[in-house]
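**Student:** Residues 1 to 201 in full-length UniProt numbering are what the sequence shown spells out, letter by letter.
Cβ coordinates follow ideal geometry from the N, Cα and C atoms, glycine included.
Since the structure is predicted, the reported quantities are computational estimates derived from the model, not experimental observations.
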Amino acid sequence: MNYLAHAYLSFHQEEILVGNFIGDFVKGKMMVRFPKGIQQGILLHREIDRFTDSHPLVRAGQTYLRPIFGHYATVITDIFFDYFLGKNWNRYSDQTLEEFTFSVYEQVTRYEAFFPDRFGNLFYWMKKDNWLLRYAEIEGIQSSLTGLSKRTRFDSKMEQAHLSLLERENEFEVIFFAFFEDLRTFAKQKLEEIQALHDSD
């Protein structure tokens with residue numbers, strides 16, 4: 001999943017949110033640098049990604065994309081799902097998306113001292129250009145995918161992926177709604193497991 005979903009699936013817990021955001025940037029022995037709550041968020045991030053990558057509905061959605069985008073289909077569906085989460089935000093939260101994204105930036109910024117090097121630069125641009133809010137719009141998705149395309153070693157064609165979203169938006173949205181219910185239930189249960197395990201240490 002992408003950043004908006006990871007933020008939402010932190011369940012209003014600040015250190016979990018930070019860990020969920022930096023999860024892709026923490027490897028091996030780096031884990032011990034962080035407070036327990038951030039460590040739990042990193043573990044949750046990994047579980048969310050593992051669940052997403054193996055879910056049959058997600059794999060079904062990726063079958064539309066693989067003929068054009070190859071293994072980049074995984075990245076593209078993550079970003080598509082942030083689009084559908086943002087677009088349907090009122091279905092999932094009583095807080096407005098604008099309020100939520102402002103709160104996320106404010107909370108994560110408080111933990112700047114713990115940012116892995118590469119995450120610091122990414123978060124600067126995320127906050128400056130308000131990626132989390134812009135994911136709810138096709139233009140925001142296009143911009144994000146184009147930025148990713150510029151950073152790939154091979155010709156990913158990701159700058160064209162928003163066209164596939166427009167072509168099959170209804171089908172992808174049906175997949176998202178069904179999958180996200182499973183993911184939300186899984187993430188909540190998994191976080192409780194992670195916290196119970198750490199609290200018993």
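1) For GLN13, name the three-state secondary structure that DSSP assigns.
2) Hey, LEU191 and PHE11 are a contact pair by Cβ (cut 8 angstroms); roughly how many whole angstroms apart?
3) Determine the extent of the alpha helix (DSSP H) in which ASP182 is found, giving its start and end residues.
4) Flag this pair as touching only if the stretch 135-149 and the stretch 34-47 have three or more C-beta atom pairs under 8 angstroms; answer yes or no.
5) Closest to GLU169 by CA distance: which of PHE102, LYS87, TYR72, VAL18 is it?
6) So, TYR111 versus VAL26, is the Cβ gap smaller than 8 angstroms?
7) So, using beta-carbon positions, are TRP131 and SER144 closer together than 8 angstroms?
8) Consult DSSP for ASP53 and reduce its assignment to one of helix, strand or coil.
9) Which word fits VAL32, buried or exposed, when buried means at least 16 other C-beta atoms lie within 10 angstroms of its C-beta?
10) Would you identify the three-state DSSP class for THR95, choosing helix, strand or coil?
11) Residues in the same chain with beta-carbon distance under 7 angstroms from GLN62, minus the five sequence neighbours each way, listed in chain order, please.
12) For ALA161, which of helix, strand or coil comes out of DSSP?
13) Whole angstroms are fine: how far does the CA of PHE51 sit from the CA of ARG184?
**Tutor:** Result, derived from the coordinates:
1) Coil, per DSSP.
2) Confirmed, Cβ separation roughly 7 angstroms.
3) Element bounds for ASP182: 169-199.
4) For the pair of segments examined, the stretch 135-149 was found not to touch the stretch 34-47: the number of CB pairs separated by less than 8 angstroms stays below three.
5) Closest by alpha carbon: LYS87.
6) For TYR111 and VAL26, no; Cβs fall outside 8 angstroms.
7) Against a cut-off of 8 angstroms, the Cβ pair of SER144 and TRP131 comes out as a contact.
8) It is helical.
9) Result: exposed.
10) The amino acid at residue 95 is misidentified as Thr; the sequence shows Gln. Three-state result, GLN95: coil.
11) Correct list, in chain order: ALA73, THR74, THR77.
12) DSSP places ALA161 in helix when its eight states are reduced to three.
13) The straight-line gap from Cα to Cα measures roughly 11 angstroms.
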